[in-house]
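Going by our numbering, the letters in the sequence shown line up with residues 1 to 55, in that order.
Worksheet for the structure shown next.
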Amino acid sequence: MLLRGDRYRVVDFWFSYDHHGVFDDGLHIFLEPVAEEDDRLRHLAPDYFRQEPDA
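Following this line, the structure appears as structure tokens:
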């Protein structure tokens, strides 16, 4: 996930119905920073991201 120029990996997510808890209702996504050597997006060739989708 790219967030404000920094890269993160989703490590967990869950939906909460805890109306009175710390997290409240909603979808909660937990991220961890991606190390430079494990940055999959940075290692892809630029042509991987095409302007036109394959038919």
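Where is the CB? At the ideal position from N, CA and C, for every residue including glycine.
Fair warning: this is a prediction, and the values are worked out from it, not measured in the lab.
So what does DSSP say about L2, is it helix, strand or coil? strand
I'd like to know if L2 contacts chain D, where contact means its C-beta is closer than 7 Å to some C-beta of that chain. Any reference to chain D falls outside this structure, which holds one protein chain only.
L2 to V34 span [Cα, whole Å]: 10 Å
When the Cα atoms are used, what is the spatial distance from D6 to H19? 32 Å
How is E52 classed by DSSP in three states: helix, strand or coil? coil
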